[in-house]
Amino acid sequence: MILFLDFDGVLHPEGEGHLPNDGADFCFLPRLEALLREFPNVRIVISSSWRERLVFKSLLRPFSDDIRTRIIGATPPRGLGIPHPFAHREGEILAWLQINDAVKEPWVALDDAEWQFDWHKDHLVVCGSFVGFDGEAEAALRAHFERSVP
Ligand SMILES: [Mg+2]
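Numbers 0 to 149, taken from numbering that gives the first Met the number 0, label the letters of the sequence shown in order.
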């Protein structure tokens, strides 16, 4: 199971000019990490636009050591891989699955940008942009993880 993880509007509420390490960032990361520890088969790919501003190593910094080792990559920039007639983020995720020979792998995207998904909304757990990863989103993500357990 692969979790495609967005940052803004998920790990913290979307707000004014979040910058790395401004203190408000990643306030919901402990909640997500606690859930991930219950499902050790889930691996993580970062789909946040932060991947375009920071090197991979810097993207990993906010995570706990045990979770960091489960982050296996970040989605490619738009346009890489086989072109998809899909919304941007959805296309980037599909491109990652193709490039990494993982199209048959179960996956779920945790994101606040529902409009970035056209055809695979059944793989999407949506957070409210100004709410973030709350209890409702946690329950929805847990349901996806439980369904993927063999
Ligand atoms: Mg977002």
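Even for Gly, the Cβ is constructed at its ideal location relative to N, Cα and C.
Inset, instruction - Pull up the distance between the alpha-carbon of residue 122 and that of residue 104, whole angstroms please. - result: Residue 122 and residue 104 have their alpha carbons spaced roughly 12 Å apart.
Legend entry - Under the three-state DSSP convention, the category residue 117 falls into: coil
Legend entry - Rounded C-alpha distance that separates residue 100 from residue 94: 10 Å
Legend entry - Reduced DSSP category for residue 42 - H, G, I as helix; E, B as strand; rest coil: Reduced to three states, the DSSP call for residue 42 is strand.
Legend entry - Closest Cα partner of residue 113 within the set 126, 102, 106 and 107: 126
Legend entry - Length of the line joining the Cα atoms of residue 26 and residue 139: Their backbone Cα atoms lie some 19 Å apart in a straight line.
Legend entry - Continuous beta strand (DSSP E) stretch holding residue 10: start and end: Neither: residue 10 is in no beta strand (DSSP E) and is coded neither H nor E.
Legend entry - Sub-9 Å separation of residue 47 and residue 4 beta-carbons: yes
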